[in-house]
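I have placed the structure first, in the form of structure tokens, so that the comments after it can refer back to it.
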Amino acid sequence: NGTLTLSAYNGGNGQKWLLNTASLQGFAGYGKTISGAQKASTIGGLLGETVFVSTTDEMIQAMQRTEPLTIVITKTLDFHPYGQQVIKSDKTLTSYYGVTLKDCQLRTCPTDTNSAEAPSDNLVFSNLNLLAKDSTNCMLFNIYSSRQIWIDHCSFVSELGRTVDEVGKFIWCNSPFDGTWKSRATDFMTISYCSFYNRYWTTLFASVSYEVPDNEKIRCRVSFLYPFYDQCVRRCPQLGSAFGHIISGFWRGKENQNDSGTDEIIGGGQTDVVSQNCRFEAIASGLLAGLNTYAEVVG
């Protein structure tokens with residue numbers, strides 16, 4: 034009747050609004066399924082307040098809140114003494130220019146894998162500098178069984194030794210191998226305009242015992258838009274039980290001493306990968322060095 038009123042939500046279509054995040058493309062963005070159903074866009078903390086944090090404790094407290102939030106980091110923070118910290122659903126994590134998160138181990142699933150608490154969904158990580166400095170054999174982002182994740186314009190740097198024995202990763206995205214949520218697939222991921230520097234084991238995106246999956250419905254769908262892997266070695270990225278779409282990536286390396294090649298895309302079991310307009314300058318001697326590719330790989 035031309036007026037705007039407020040009332041309790043009852044699930045009616047007249048109370049539903051479609052909110053899409055500006056500039057978000059790929060599997061984390063808005064889309065339609067083959068059947069014509071609408072798939073929502075990741076919006077993070079869009080519906081909540083904006084809070085500013087300047088200490089590690091303040092950031093942990095904000096990430097633990099259950100309501101939607103945009104969390105703005107205003108100073109460089111050191112997570113080395115804190116270990117893994119859970120970030121709850123419906124959050125946007127961003128920062129002031131030049132701020133760094135040192136040795137963060139953000140986790141999207143309870144540390145008790147038998148917990149009934151659901152994994153966190155609908156998360157945006159934007160404009161973050163992440164540094165692996167003192168915490169060895171750790172993942173900076175631990176994404177377990179979560180969906181609707183957008184990682185955008187983030188830089189990942191390691192100052193640790195780049196060897197096969199330092200098994201930490203910048204991003205580990207998979208379902209837990211045991212516990213309550215082991216059968217819940219990670220899904221709907223976009224990684225855009227991110228750079229990864231100086232690590233052996235780098236990024237993995239998989240879903241539910243990715244070595245031998247049979248059910249196509251459990252595959253993780255992930256888009257890589259303009260990734261830059263520099264002086265990395267393995268899992269750049271590795272995909273397992275996944276649909277991967279990689280666009281305009283750049284791989285650069287030097288003397289990585291890895292016989293099977295460096296900075297390569299690995300498609301694990303039950304994985305379909307489409308790689309478009311990518312350039313590889315980090316392939317081992319004799320393996321198509323410097324190739325510009327337009328390739329479709331099914332494996």
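Per this note's numbering, the sequence shown starts with residue 34, numbered consecutively.
Think of the CB as a built atom: it goes at the ideal place given N, C-alpha and C, for glycine as much as any other residue.
Member of the options whose CA lies at the smallest distance from the CA of residue i
{"i": "residue 151", "options": "99, 136, 162", "result": "99"}
{"i": "residue 195", "options": "224, 231, 202", "result": "231"}
{"i": "residue 193", "options": "162, 106, 167", "result": "167"}
{"i": "residue 92", "options": "72, 137, 75, 301", "result": "137"}
{"i": "residue 409", "options": "197, 210, 214, 213", "result": "As displayed, the chain neither begins before 34 nor continues past 332, which places residue 409 out of reach and without an answer."}
{"i": "residue 111", "options": "143, 72, 162, 145", "result": "162"}
Inter-residue Cα distance where the pair is residue i and residue j
{"i": "residue 305", "j": "residue 280", "result": "14 Å"}
{"i": "residue 265", "j": "residue 285", "result": "8 Å"}
{"i": "residue 201", "j": "residue 148", "result": "25 Å"}
{"i": "residue 174", "j": "residue 39", "result": "39 Å"}
Three-way DSSP call (helix, strand, coil) for residue i in this model
{"i": "residue 37", "result": "coil"}
{"i": "residue 62", "result": "coil"}
{"i": "residue 303", "result": "coil"}
{"i": "residue 100", "result": "coil"}
{"i": "residue 239", "result": "strand"}
Closer than 8 Å to chain D by CB, residue i
{"i": "residue 150", "result": "No chain D appears in the structure shown, which is made up of a single protein chain."}
Beta-carbon proximity check, residue i vs residue j, cutoff 8 Å
{"i": "residue 228", "j": "residue 191", "result": "no"}
{"i": "residue 274", "j": "residue 254", "result": "no"}
{"i": "residue 207", "j": "residue 165", "result": "no"}
{"i": "residue 114", "j": "residue 80", "result": "no"}
{"i": "residue 87", "j": "residue 120", "result": "no"}
{"i": "residue 103", "j": "residue 83", "result": "yes"}
{"i": "residue 226", "j": "residue 185", "result": "yes"}
{"i": "residue 223", "j": "residue 116", "result": "no"}
{"i": "residue 182", "j": "residue 75", "result": "yes"}
{"i": "residue 141", "j": "residue 213", "result": "no"}
Counted within 10 angstroms of its Cβ, other Cβ atoms place residue i as buried (16 or more) or exposed
{"i": "residue 260", "result": "buried"}
{"i": "residue 124", "result": "buried"}
{"i": "residue 54", "result": "buried"}
{"i": "residue 65", "result": "exposed"}
{"i": "residue 205", "result": "buried"}
{"i": "residue 303", "result": "buried"}
{"i": "residue 50", "result": "exposed"}
{"i": "residue 245", "result": "Reliability of the predicted coordinates at residue 245 is poor, the pLDDT of 45 falling under 50, and the value obtained from them is presented with this limitation in mind. Exposed: under 16 other Cβ atoms inside 10 Å."}
{"i": "residue 97", "result": "exposed"}
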